[in-house]
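Taking the numbering used here, the leading residue of the sequence shown gets 5, the next gets one more, and so forth.
One structure below.
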Amino acid sequence: MAHITANAGSFRPVAYLMGWVESVADSMSRYRVYKRTHDELSSLSSRELEDLGISRSMITRLAYEAAYEN
5 MAHITANAGS FRPVAYLMGW VESVADSMSR YRVYKRTHDE LSSLSSRELE DLGISRSMIT
65 RLAYEAAYEN
């Protein structure tokens with residue numbers, strides 16, 4: 005007679021779900037950093053950006069770096 009042995013470590017749906025939830029939460033957090041940084045830099049005048057050594061064409065890249073490259 006054949007029988008099936010259970011391997012408790014092979015599949016853990018709760019751990020999988022928690023990992024997925026953490027991944028989504030991390031993605032949302034990083035997007036908020038991107039959005040806030042982009043909005044704040046975009047709201048500065050050209051003179052203020054120039055004082056910081058930033059051109060308008062750099063805003064998207066700087067916001068991306070702030071959120072995703074750490």
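Every residue gets a Cβ at the ideal spot worked out from N, C-alpha and C, and that includes glycine.
Rounded straight-line distance, which links the Cα of residue j to that of residue i
{"i": "A29", "j": "S47", "result": "27 angstroms"}
{"i": "S31", "j": "W24", "result": "11 angstroms"}
{"i": "R65", "j": "L45", "result": "11 angstroms"}
{"i": "V37", "j": "E69", "result": "10 angstroms"}
{"i": "S27", "j": "M62", "result": "28 angstroms"}
First and last residue of the uninterrupted alpha helix (DSSP H) at residue i
{"i": "L53", "result": "S50 to L56"}
{"i": "S61", "result": "Where S61 is concerned, there is no enclosing alpha helix (DSSP H), given that its DSSP letter is neither H nor E."}
{"i": "E16", "result": "Checking the displayed sequence, the identity of residue 16 turns out to be Arg instead of Glu. Element bounds for R16: n/a, residue is neither H nor E."}
Supposed close pair residue i, residue j - CB separation, criterion 8 angstroms
{"i": "H42", "j": "A67", "result": "4 angstroms"}
Own chain, CB closer than 7 angstroms to residue i, minus 5 neighbours either side, in chain order
{"i": "R34", "result": "A71 and Y72"}
Beta-carbon proximity list for residue i, same chain, < 8 angstroms, skipping 5 on both sides
{"i": "A56", "result": "Per the sequence presented here, residue 56 reads as Leu, with Ala not at that position. Cβ within range, chain order: L48."}
{"i": "S59", "result": "L53"}
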